[in-house]
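**Student:**
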Amino acid sequence: MVKHLRLKHSKDFELAEEKKKVQSLPSISEASVASTTNTVQSVHIKEYLQKDLETFEIPLSKIHLIFTDNASNIKAAVKISGMLSIPCFIHTLQLCIHDSIFSQETIKEILTLCRGITTHFNHSPIACAKLKSIQQQLSTVPHKMKQDVPTCWNSSFEMLQRTFEQKVPFATYAAVYDEIKLPTNYQWGIVKKLVHILAPFENLTKKCDRRDETCAQIIPSVLALKVLLQKASSNENVIKEWVEKAWKEIQGAQDVVE
């Protein structure tokens, strides 16, 4: 028994000493690990870029500009390769909208409701036929619902827009069949304001996605969006905070471009 206690005591002592050694080691923060990982990734991406350029026999002197997304490792890879880069304007717009508006819990709840309504009708031919009958009775345009895609912000806008357009048919359907959950009156009000504010962003996204569009359109477009957000900030009290965040994101996008 005494021997067993001595062995246990010695093991506890050894564990305590090992713990002290570990605690004395210099700590590595998550930020430093992430930074190191990004650097390694950037080097690998740079090597792939150089291999591709060699494969197609394209000298650096013929590369004037490279369009990238906003990932730090991609931008760093282009920079250490000795080339100039500019972030994709549409991708930058998407990040602005997501970080300022779509990331808000209230908006997430609304998107979830709209997504549920869309999924219900897109996955059920019977429900879709019932809705079409209601649309005809109400003389509403028989549009089908549009499902959003997380990587494409304007698909979420189109889903919100289509849901608001079919507000009355949905209310009638829910009253008769009780198969879908609708937004509250307060949430419908937010949807209406969001569609109004985000419409110019959606138009600009489609315009900049054309093959004949140039970078010369970016700065004037950003300035126009800033004027729009200024007006919305003073008029739309319900979502003033989100509009102000969108303003800051757009300002950051303008700084990057300039």
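In the working numbering, the protein residues as written are 5 to 262.
Idealized CB from N, CA, C, for every residue including glycine.
Counting only runs that start and end within the segment 83–119, where is the alpha helix (DSSP H) found for 4 or more residues in a row?
**Tutor:** List check, alpha helix (DSSP H) in window: 93–101.
**Student:** Where DSSP assigns a beta bridge to residue 4, which residues make up the other side?
**Tutor:** Any question about residue 4 goes unanswered here, given that the chain covers just 5 to 262.
**Student:** Are residue 74 and residue 53 close, meaning C-beta to C-beta below 8 Å?
**Tutor:** No, the pair does not count as a contact, with Cβ atoms beyond the cut-off.
**Student:** Am I right that residue 132 and residue 125 are in contact with their C-beta atoms under 8 Å? What's the rounded C-beta distance?
**Tutor:** At roughly 5 Å, the Cβ-Cβ gap stays under 8 Å, so residue 132 and residue 125 are in contact.
**Student:** What residue range is occupied by the uninterrupted beta strand (DSSP E) comprising residue 70?
**Tutor:** Unbroken beta strand (DSSP E) run through residue 70: 70–72.
**Student:** Pick from 130, 148 and 95: whose alpha carbon is nearest that of residue 169?
**Tutor:** Nearest of 130, 148 and 95 to residue 169, Cα basis: 148.
**Student:** Could you give the DSSP three-state label for residue 142: helix, strand or coil?
**Tutor:** Here residue 142 sits in coil by DSSP.
**Student:** Can you list, in chain order, the residues of its chain whose CB lies under 8 Å from that of residue 68, leaving out five sequence neighbours each side?
**Tutor:** If we look at residue 68 and ignore the five residues flanking it on each side, its Cβ neighbours are 88.
**Student:** Buried or exposed: which applies to residue 216, given that a residue is buried once 16 or more other Cβ atoms fall within 10 Å of its Cβ?
**Tutor:** Under this definition residue 216 is an exposed residue.
**Student:** Which residue from 140, 95, 152 and 146 puts its Cα closest to that of residue 116?
**Tutor:** Cα-wise, what sits closest to residue 116 is 152.
**Student:** Considering residue 191, what are the terminal residues of the alpha helix (DSSP H) in which it resides?
**Tutor:** 189–212 is the extent of the alpha helix (DSSP H) around residue 191.
**Student:** With a threshold of 8 Å, are at least 3 pairs of Cβ atoms found where one atom belongs to the segment 200–207 and the other to the segment 156–168?
**Tutor:** Because the criterion of three Cβ pairs below 8 Å is met, the segment 200–207 and the segment 156–168 touch.
**Student:** Run through DSSP, which three-state label would residue 64 get?
**Tutor:** Of the three classes helix, strand and coil, the one that applies to residue 64 here is helix, per DSSP.
**Student:** Check whether the Cβ atoms of residue 157 and residue 106 lie closer than 8 Å to each other.
**Tutor:** Taking 8 Å as the Cβ cut-off, residue 157 and residue 106 qualify as a contacting pair.
**Student:** Mind checking which residues open and close the alpha helix (DSSP H) that includes residue 178?
**Tutor:** Where residue 178 is concerned, the enclosing alpha helix (DSSP H) stretches over 171–181.
**Student:** Report the rounded CA-to-CA distance for residue 198 versus residue 130, giving the unit in angstroms.
**Tutor:** When rounded, the distance between both Cα atoms is 31 Å.
**Student:** Three-state secondary structure (DSSP) at residue 133?
**Tutor:** Residue state, collapsed to three classes: helix.
**Student:** Residues in its own chain within less than 7 Å of residue 172 by CB, not counting five upstream and five downstream?
**Tutor:** Answer for residue 172: 142 and 144, listed in chain order.
**Student:** Pick out whichever of 51, 167 and 104 has its Cα sitting closest to the Cα of residue 195.
**Tutor:** If we check each option's Cα against that of residue 195, 167 comes out closest.
**Student:** Contact check, residue 128 vs residue 84 under 8 Å by CB: the rounded distance?
**Tutor:** Contact doesn't hold; Cβ gap of about 53 Å is too wide.
**Student:** Closest to residue 136 by C-alpha separation, out of 64, 236, 177 and 71, would be which residue?
**Tutor:** Per the Cα distances, 177.
**Student:** What do you get for residue 60, buried or exposed, if any count of 16 or more other CB atoms within 10 angstroms of its CB means buried?
**Tutor:** It is exposed - the Cβ of residue 60 has fewer than 16 other Cβ atoms within 10 Å.
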